[in-house]
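Using the numbering used here, you'd call the opening residue of the sequence shown number 1 and step up by one each time.
By construction, the Cβ of each residue, glycine as well, lies at the ideal position given by its N, Cα and C atoms.
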Amino acid sequence: MTVLQKSDFNKKIFARIEKLIVDYKLIENGDNIAIALSGGKDSVLTLHALTNFKNKLQNNEFSNESNSNSYNNKYNFDNNDFKDIDFKLTAISVDEGIEGYRQHGIDSAISNAQELGVKLIQKSFEEEFDFTLDDCFHLFKSACIPCGVFRRNILNKTAFEIGANKIATGHNLDDEIQSFSMSFARADTVKFSKFGPKLDVIHPKLIPRIKPLWNTPEKDVGTWAIMNNINIHLDECPYSSLSLRGKTKEFLNRIESKYPKTKENIMKSFEKSLKIENPEVKLNECERCGEPTSSVVCKACEFVDIIKK
Ligand code: SF4
Ligand SMILES: [Zn+2]
């Protein structure tokens, strides 16, 4: 049996992320990147990967590795790809207000950001909207609906305020396949345009997302966190199993355990068959809060009305 060596595993996982960054130009010179840092394993790996990438650029380490790092050779890195790139990193955490769960995440966001010297901005539903997710989840079909809407609203507003031009999220390969399968199941083809490691700029106030873990399987993220003794919270959100995403995740994991490589194959099929052009989306600014929206009033303001009533 081959023993998985920590240093080999780390090189491999970071090289895959770095290759994705280079191939898809996720990071460009002068970028100001806000990382959505929940304190879970995915966002914490994103924070470590982008910080490592930045440090390697500053220390000129990609040039030093050119002939010795088999991962670079395997992925055909061209050191010129990295020349003259510098970028800024800030982390943003959002406390949704989930009793007995979220605080662990916030603690790990604080300690990881501190350890890596990245500034962390802490936000919360309570401070922004005057209620927590625990207060309002029962008004919706799934807690994930208001959770996603309010979290995206806070992240976008905060990223815009600090002048960020990209938001890096911890979406991994499993998340992407789940999202895609859910869109299929709902015949929601408009959401297909959100597939991919880098989303386009469609409105000056809507900060586009990048997903550095887009092709990293969830199990590799977990292995990295455990092998490196990273301070993260591994608990599942108490609301997650009730959501369509939770059920889709269980379903895909069950199939994968019987038929390995199913997830990888689904991803390959998506990549091959779905070269979808982004639909023309005309966004307005919400007449209440000014955030970008396809309606007159944004979803966050619409939900606030439902909750306050
Ligand atoms: S599982 Fe749903 S409710 Fe829990 S943090 Fe994620 S989106 Fe929010
Ligand atoms: Zn609004």
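For residue j and residue i, the rounded distance between their alpha carbons
i: Lys157; j: Leu4; result: 42 Å
i: Lys25; j: Leu45; result: 19 Å
i: Leu37; j: Ala91; result: 6 Å
i: Lys141; j: Glu61; result: 50 Å
i: Asp235; j: Gly163; result: 33 Å
i: Leu120; j: Asn253; result: 33 Å
i: Leu244; j: Leu199; result: 24 Å
i: Gly222; j: Ser294; result: 37 Å
i: Trp214; j: Met267; result: 10 Å
i: His104; j: Glu128; result: 21 Å
i: Ala143; j: Phe53; result: 35 Å
i: Asp305; j: Glu285; result: 18 Å
i: Gln58; j: Ile27; result: 14 Å
i: Glu126; j: Lys258; result: 43 Å
i: Ile226; j: Glu218; result: 13 Å
i: Lys123; j: Glu287; result: 23 Å
i: His203; j: Glu161; result: 15 Å
i: Asp31; j: Asp23; result: 16 Å
i: Gly148; j: Gly246; result: 14 Å
heavy atom of ligand 4 below 7 Å from residue i C-beta
i: Ala159; result: Of the ligands one can find in the structure shown, namely ligand 1 and ligand 2, none is ligand 4.
Check whether residue i and residue j have beta carbons under 8 Å apart
i: Val201; j: Pro212; result: no
i: Asp84; j: Asn10; result: no
i: Val118; j: Thr216; result: no
i: Ile21; j: Trp224; result: no
i: Ile35; j: Leu47; result: yes
i: Leu206; j: Pro146; result: no
i: Phe131; j: Ile307; result: yes
i: Thr262; j: Glu271; result: no
i: Ile112; j: Asn228; result: For the record, residue 112 in the displayed sequence is Asn; it is not Ile. Cβ distance not < 8 Å, so Asn112 and Asn228 don't count as in contact.
i: Ser181; j: Thr248; result: yes
Exposed unless 16 or more other CB atoms sit within 10 angstroms - verdict on residue i
i: Phe251; result: exposed
i: Gly170; result: buried
i: Asp42; result: buried
i: Ile167; result: buried
i: Gly337; result: The question about residue 337 has no answer here: the residues shown for the chain are numbered 1 through 309.
i: Asn265; result: exposed
i: Gly39; result: buried
i: Asn72; result: Interpretation of Asn72 is limited by its pLDDT of 47, a score under 50 that renders its predicted location unreliable; the figure taken from the coordinates is listed afterwards. It counts as buried.
i: Ser93; result: buried
i: Ala187; result: exposed
i: Lys309; result: exposed
i: Leu155; result: buried
i: Leu89; result: buried
i: Asp86; result: exposed
i: Leu173; result: buried
Sequence-distant residues of the same chain with beta carbon closer than 7 Å to residue i, five excluded per side
i: Ser49; result: Sequence inspection shows Ala at residue 49; the Ser mentioned does not correspond to that position. Once the five neighbours on either side are set aside, the close Cβ partners of Ala49 are Phe14, Ile17 and Pro212.
i: Glu115; result: none
i: His233; result: Gly39, Gly40, His104, Gly105 and Ser108
i: Arg151; result: Val94 and Glu96
i: Lys56; result: Phe62
Contacts around residue i, its chain only, beta-carbon distance under 8 Å, and the 5 residues preceding and following it disregarded
i: Arg102; result: Asp95 and Glu96
i: Ser7; result: none
i: Pro238; result: Ile98, Gly100 and Tyr101
i: Pro197; result: Leu20, Tyr24, Leu26, Ile210, Lys211, Pro212, Trp214 and Asn215
Same chain, Cβ closer than 6 Å to residue i, five either side skipped, listed in chain order
i: Glu99; result: Asp134
Which runs of the beta strand (DSSP E), 3 residues or longer, sit entirely within the stretch 148-200?
-> 166-168
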